[in-house]
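K.L.:
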Amino acid sequence: MSAPSHPPARTDTVRLTVSQAVVRFLAAQHSERDGQRQRLFAGCLGIFGHGNVAGLGQALLQAELDEPGALPYVLGRNEQAMVHTAVAYARAKDRLQTWAVSTSVGPGSTNMLTGAALATINRLPVLLLPADTFATRSAGSLLQELELPASGDVTVNDAFRPVSRYFDRIWRPEQLPGALLSAMRVLTDPAETGAVTLCFPQDVQAEAFDWPVELFAERTWHVARPQPEPAALARAVEVIRSARRPLVVAGGGVVYSHATEALDAFATATGVPVAQTQAGKGALAYDHPQSVGAIGSTGTTAANALARDADVVIGIGTRYQDFTTASRTAFSDPDVRFVNVNVASPDAVKHAGVAVQADARDTLTALTRALEGWSADDAHQARTAELAAAWEATVEAAYHPEVPSAGEGGRLTQNEVIGLVNEVSAPRDVVVCAAGSMPGDLHKMWRVRDPKGYHVEYGYSCMGYEIPGGIGIRMAAPDRDVFVMIGDGSYLMMPTELVTAVQEGVKIVVVLVQNHGFASIGALSEQLGSQRFGTRYRARAGNGRLEGGLLPVDLAANAASLGVDVLTAHDGPGLEAALRKAKASDRTTVVHVETDPLVDAPSSESWWDVPVSEVSTLESTQRARAVYEQWKARQHPYLTPSERS
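Just so you know, we're using the UniProt record's numbering here: the sequence shown kicks off at 1 and counts up by one.
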């Protein structure tokens with residue numbers, strides 16, 4: 001009996017370290033949708049320390065010298081900020097491109113946790129490459145290593161597990177190909193995407209291995225457009241045709257799937273009004289006949305009035321976040337039914353809705369075709385126009401009050417600042433924000449004119465996102481000016497990335513609104529009966545409380561020290577002139593303006609569920625509790641069957 005034959009030994013291999021293999025692999029990945037192909041990774045952001053300087057740091061240097069442009073490296077100043085930059089870039093690119101982010105072991109890694117949570121909550125792709133402790137345990141306990149007496153294989157990087165859509169730790173070189181392919185699958189799946197974390201022990205990073213050359217061949221990851229199931233589409237059409245007071249809620253999925261033209265066609269053909277979430281703002285231009293603006297806790301009175309009476313709500317690409325539903329008080333009809341179009345099944349089934357798990361653009365096109373000849377009642381369309389016009393008059397009055405600079409001490413109001421930035425910016429320019437009172441005010445009042453003209457991160461509402469996010473957006477869209485709207489509280493969280501903007505020659509305009517405290521939480525605190533406690537930047541007074549004079553903090557000088565141009569405005573004409581000068585410049589410019597934090601934006605006539613103390617000795621809290629209980633009684637479980645028996 002002859003001996004069994006064996007395949008010949010492989011000769012088509014290349015010897016590289018694990019880090020060099022990672023860099024070469026990432027440079028060869030592409031995404032494709034609708035025939036448009038692009039590199040999946042624009043580059044790698046990184047801060048080096050003892051965990052990655054000799055591994056991924058060496059590999060990135062070698063690639064920069066041997067293959068310029070293959071995977072460009074950008075030095076950041078803060079690990080969390082680097083993730084924000086990558087995520088903002090990915091959003092601006094409709095999730096078809098992103099960045100990798102490399103950090104050192106220990107605090108360098110865990111500094112990315114907030115950014116990871118933000119990416120996963122917003123379903124935006126980012127590849128995180130935190131360094132890890134020695135796989136061989138040849139050195140220990142390592143500097144910055146967590147020692148758990150009951151477990152030898154847990155490191156601080158295990159904290160990434162709950163905030164990542166995919167997590168792996170590469171203990172051996174042989175594990176790398178499978179981990180990389182799994183990571184790419186998640187990054188390019190619109191329904192599954194978010195933060196992908198691959199942990200690399202620092203000794204493994206520098207270990208050499210003979211890799212099959214096909215691992216580094218160019219790969220194209222096709223981003224599909226799932227088609228609506230005919231039966232699901234028919235159920236949706238039946239419910240919509242039964243509607244007398246329908247309303248569309250357009251979410252971020254409309255923008256990411258390039259469904260804005262399809263939504264325009266649907267709304268025009270059917271006359272159904274369209275309200276927009278934070279991520280969906282821009283799905284229709286503010287002056288479209290069917291646009292009623294923002295919805296929910298930070299919404300317009302027009303959208304919220306229509307929501308209260310809606311008998312059918314058509315959610316397109318929305319996850320019905322708490323602000324969108326005004327803590328489940330926005331839709332008040334006891335028999336309201338939902339039709340939900342979403343690529344993600346958990347969102348498609350929310351509120352007991354008719355689920356159409358499919359691409360937003362193609363589903364809207366199919367719905368428009370299937371609903372031919374049907375439209376919303378004339379009375380409903382007339383009411384839509386009347387409500388929208390009334391809200392626009394409200395915005396105009398907020399932008400241009402009868403007495404300009406009517407805030408305390410003649411300071412501008414935040415409403416006036418937003419209005420001036422809106423009017424100076426070009427239609428294709430981008431406004432950026434994330435936290436404080438500004439996102440809600442922008443959601444209500446910003447007159448968006450382009451699907452990519454509004455970029456407010458409100459899934460995680462992370463203070464400090466604004467400046468690094470603005471950098472990511474400008475890198476993704478260098479032909480658009482980027483206006484970063486930021487309050488002093490959020491600015492103080494992450495001003496250092498201005499240095500990165502200077503380093504990379506990335507121009508953004510930062511509108512720094514100084515109101516000496518946390519305006520948003522201050523207003524909320526007052527509303528909840530807590531009297532703005534702990535929300536104002538004040539010196540410690542003689543009675544031991546933070547109610548002394550204003551802190552002598554010069555944020556304009558701080559910004560100037562980081563290498564950017566700084567302009568200061570004190571009134572409306574001065575702010576307009578500063579904004580125009582900043583827009584004309586090719587350098588990053590901070591426009592500093594003080595505002596009155598006690599002048600609010602127009603009311604949304606809506607609610608957000610923030611519990612109030614059930615018992616208190618404070619009269620202000622007692623009054624707030626009574627109001628809270630009234631709103632709680634209006635919460636709706638949204639469990640009405642969407643299909644009638």
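Glycine included, each C-beta is placed from N, C-alpha and C at the ideal position.
Apply the 10 Å Cβ neighbour rule to Leu-551 and answer buried if 16 or more other Cβ atoms are within range, or exposed otherwise.
P.N.:
When all chains shown are included, Leu-551 counts as exposed.
K.L.:
Let's see if you can read the secondary structure: which residues bound the beta strand (DSSP E) around Phe-200?
P.N.:
Its beta strand (DSSP E) spans residues 195-201.
K.L.:
Just tell me which of Ala-393, Arg-39, Val-599, Val-566 has its CA closest to the CA of Glu-218.
P.N.:
Measuring from the Cα of Glu-218, the nearest candidate turns out to be Arg-39.
K.L.:
If we call anything under 7 Å between Cβ atoms a contact, is Val-432 one with Gly-487?
P.N.:
No. Outside cutoff.
K.L.:
Under a Cβ-count criterion, where at least 16 other Cβ atoms within 10 Å of its own Cβ denotes burial, should Glu-147 be classed as buried or exposed?
P.N.:
Result: exposed.
K.L.:
So if DSSP puts Cys-44 in a beta bridge, which residue, or which two residues, is it bridged to?
P.N.:
In the DSSP output, where bridge partners are listed per residue, Cys-44 has Tyr-73, Ala-100.
K.L.:
So what does Cys-433 bridge to, in DSSP terms?
P.N.:
Paired residue(s): Val-456.
K.L.:
Considering just the uninterrupted stretch of the alpha helix (DSSP H) at Trp-391, what are its terminal residues?
P.N.:
From DSSP, the alpha helix (DSSP H) with Trp-391 extends over 378-399.
K.L.:
Would you mind giving the Cβ-Cβ distance between Ala-183 and Tyr-166, rounded to the nearest angstrom? I have them listed as a contact below 8 Å.
P.N.:
Correct: roughly 6 Å between the Cβ atoms.
K.L.:
Among the candidates Gly-35, Thr-298, Gly-296, Thr-268, whose CA atom is the shortest distance from the CA of Gln-290?
P.N.:
Of the listed residues, the one whose Cα sits closest to Gln-290 is Thr-268.
K.L.:
Should Ala-303 and Gly-317 be called a contact, given that it needs their Cβ atoms to be closer than 7 Å?
P.N.:
No; because the gap between Cβ atoms is not below 7 Å, this pair is not in contact.
K.L.:
Alpha carbon to alpha carbon, how far is Gln-503 from Ala-81?
P.N.:
Going by the C-alpha atoms only, they are around 15 Å apart.
K.L.:
Leaving out five residues on either side along the sequence, give the residues of the same chain with a beta carbon under 7 Å from the beta carbon of Gly-114.
P.N.:
It should be pointed out that residue 114 corresponds to Thr in this sequence rather than to Gly. Taken in chain order, the residues that qualify are Gln-80, Cys-462.
K.L.:
Leaving out five residues before and five after Ser-645 in sequence, what residues of the same chain have Cβ atoms less than 7 Å from its Cβ?
P.N.:
With a pLDDT of 47 at Ser-645, under the threshold of 50, the predicted position of this residue should be treated as unreliable, and no value is reported.
K.L.:
Identify the continuous alpha helix (DSSP H) that holds Asp-596 and give its terminal residues.
P.N.:
Element bounds for Asp-596: not the alpha helix (DSSP H) but the beta strand (DSSP E), 589-596.
K.L.:
How many angstroms separate the CA atom of Leu-233 from the CA atom of Tyr-537?
P.N.:
Roughly 54 Å between the two C-alpha positions.
K.L.:
Could you tell me the boundaries of the alpha helix (DSSP H) in which Val-627 lies?
P.N.:
Element bounds for Val-627: 619-632.
K.L.:
Count the other CB atoms, across all protein chains shown, that sit within 10 Å of the CB of Gln-227; report buried if there are 16 or more and exposed otherwise.
P.N.:
Classification for Gln-227: exposed.
K.L.:
What separation, rounded to the nearest whole angstrom, lies between the Cα atoms of Arg-169 and Val-312?
P.N.:
Their backbone Cα atoms lie some 46 Å apart in a straight line.
K.L.:
By Cβ distance, which residues of its chain are closer than 6 Å to His-636, with the 5 residues on each side in sequence left out?
P.N.:
Arg-328.
K.L.:
Please list the terminal residues of the continuous beta strand (DSSP E) segment that includes Pro-130.
P.N.:
From DSSP, the beta strand (DSSP E) with Pro-130 extends over 126-132.
K.L.:
Would you list the residues sitting across from Val-248 in a DSSP beta bridge?
P.N.:
Answer by DSSP bridge pairing, in chain order: Val-274, Ile-314.
K.L.:
How do the region 561-578 and the region 466-483 stand: do at least 3 beta-carbon pairs fall below 8 Å, yes or no?
P.N.:
The region 561-578, when compared against the region 466-483, does not touch it at the 8 Å Cβ threshold.
K.L.:
Exposed or buried, which one is residue 721 when buried takes at least 16 other CB atoms within 10 Å?
P.N.:
This structure cannot settle anything about residue 721, because the visible part of the chain is limited to 1 through 645.
K.L.:
Do Ala-556 and Glu-547 have their C-beta atoms closer together than 7 Å?
P.N.:
No. Outside cutoff.
K.L.:
What number of angstroms, rounded off, separates the C-alpha of Val-272 from the C-alpha of Ala-582?
P.N.:
Val-272 and Ala-582: Cα-Cα distance of roughly 40 Å.
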